[in-house]
Amino acid sequence: MSNRVRRQHTVSKFYLNGFADDAGRIRRVSLPGDPAPVLSTGDASVIKDFYTVTLPDGSLSDFFERAFSKIESSAAEALKLILSGT
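Counting from 0, one number per residue, gives the positions in the sequence shown under numbering that gives the first Met the number 0.
Here you go:
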């Protein structure tokens with residue numbers, strides 16, 4: 000699959016946006032003493048091929064990333080409605 004999603008969020012971008020500043024950035028803090036860079040929510044919590052699986056034929060699939068994306072899109076819309084009070 001040549002158009003496989005490679006940059007996969009381990010925490011949903013819509014969830015990260017809830018903690019972001021007006022410019023859509025958050026600060027990532029790992030361990031004491033480590034640098035705490037400011038990142039866009041598009042770059043935060045991204046691991047290349049995190050949900051990619053190898054199929055029995057040896058090909059790589061991003062099925063889980065795409066499935067999570069659909070679920071997270073619906074969840075984001077529901078959360079927006081809840082937070083707006085409608």
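For every residue, glycine included, the Cβ atom is placed at its ideal position computed from N, Cα and C.
Can at least three beta-carbon pairs, one atom from the stretch 62–78 and one from the stretch 27–41, be found at a separation below 8 Å?
No: fewer than three Cβ pairs fall under 8 Å.
Among K69, F49 and I70, the one whose alpha carbon lies nearest that of S60:
Ranking the options by Cα distance to S60, first place goes to F49.
Between F62, L78 and K69, which lies nearest to Y14 when the distance is taken from Cα to Cα?
The candidate whose alpha carbon is nearest that of Y14 is L78.
Beta-carbon contacts of S44 that lie in its chain and below 7 Å, excluding the five residues immediately before and after
Here the set comprises H8, T9, V10 and L15.
Ends of the beta strand (DSSP E) at L82?
Here L82 belongs to no beta strand (DSSP E); instead the alpha helix (DSSP H) covers F62 to S83.
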